[in-house]
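Colleague:
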Amino acid sequence: MKPGYIYIMTNKRHTVLYAGCTSDIIRRVAEHKQHKHKGSFTDKYNCEHCVYYETLPDYLSAIKRENQIKNMRRADKIALINAMNPEWNDLI
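Residue numbers for the sequence shown, in my numbering: 22 to 113.
1. At the level of alpha carbons, what is the spacing between M22 and H35?
2. For N67 versus N32, is the C-beta spacing smaller than 7 angstroms?
3. Find out if the Cβ-Cβ distance for the pair S82, G25 is shorter than 7 angstroms.
4. Do A40 and I29 count as a contact pair if the criterion is CB distance below 7 angstroms?
5. For L77, report the span of its alpha helix (DSSP H) as first-last.
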């Protein structure tokens, strides 16, 4: 079975956090960076930097984890990012 991925995108000033899930993280992050889906949340708020991701055993697990992360407070999302990527570098 193919793995699933959960990721968090942000904009240049880190004022917006967007959590998503996918089965192909390279393709999906590239779509965000290229603003492929005009009018989407990530397009509107220029979320072009992938600052966090997790690999999960399958896509269904990724959907569950995405929902957990989306329900977290902003401070908890920031703590997740800081634990993996304290400098908030663009990972993908």
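Each residue gets a CB set at the ideal place from its N, CA and C atoms; glycine is no exception.
Modeller: In this structure, then:
1. When rounded, the distance between both Cα atoms is 34 angstroms.
2. For N67 and N32, yes; Cβs fall inside 7 angstroms.
3. Contact flag set, yes.
4. Cβ distance < 7 angstroms, so I29 and A40 count as in contact.
5. Segment H70 to L77 is the beta strand (DSSP E) holding L77; no alpha helix (DSSP H) there.
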